[in-house]
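**Student:** Residue numbers (mature numbering (1 follows the signal peptide of the UniProt record, and there is no 0)): -21 to -1, 1 to 118. All residues carry an ideal CB built from backbone N, CA and C; glycine is no exception.
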């Protein structure tokens, strides 16, 4: 075998470059985007001295397994602070995408899933709502 054919043969045996083993799932997209949002929010807070409006943005804690986070995402996107800061606008766009994915595309539609997880999610949602002053009771 000639020296020129050896690299060509190795290249052919290696096969085509591998892509992702599977297309991203709804869950993996939510997880990736929530990590990006959390990282961007931390970076924004680290740069806070240059943009004092950042300290007035609603706090973001993203637990994509808890659908009560949708209200937090909605509040963050709707907050009027820093509307002229490009970094905040980019973050709000990502938050808006995450909200849309969680609320529309990745929504649980199975009744069995809802019954299975309702005992877990409902008390956590109720606790979050009460912390925010939205809980039922004294109205």
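Mapping the DSSP letters down to three states, classify residue 78 as helix, strand or coil.
**Tutor:** Three-state DSSP puts residue 78 in a helix.
**Student:** Could you pull the start and end residues of the alpha helix (DSSP H) that residue 40 belongs to?
**Tutor:** Run containing residue 40: none; DSSP gives neither H nor E here.
**Student:** If you reduce the DSSP assignment to three classes, tell me which class residue 47 lands in.
**Tutor:** It is coil, neither helix nor strand.
**Student:** Does DSSP put residue 5 in a helix, a strand or coil?
**Tutor:** Helix, per DSSP.
**Student:** In this structure, does DSSP put residue 26 in helix, strand or coil?
**Tutor:** Coil.
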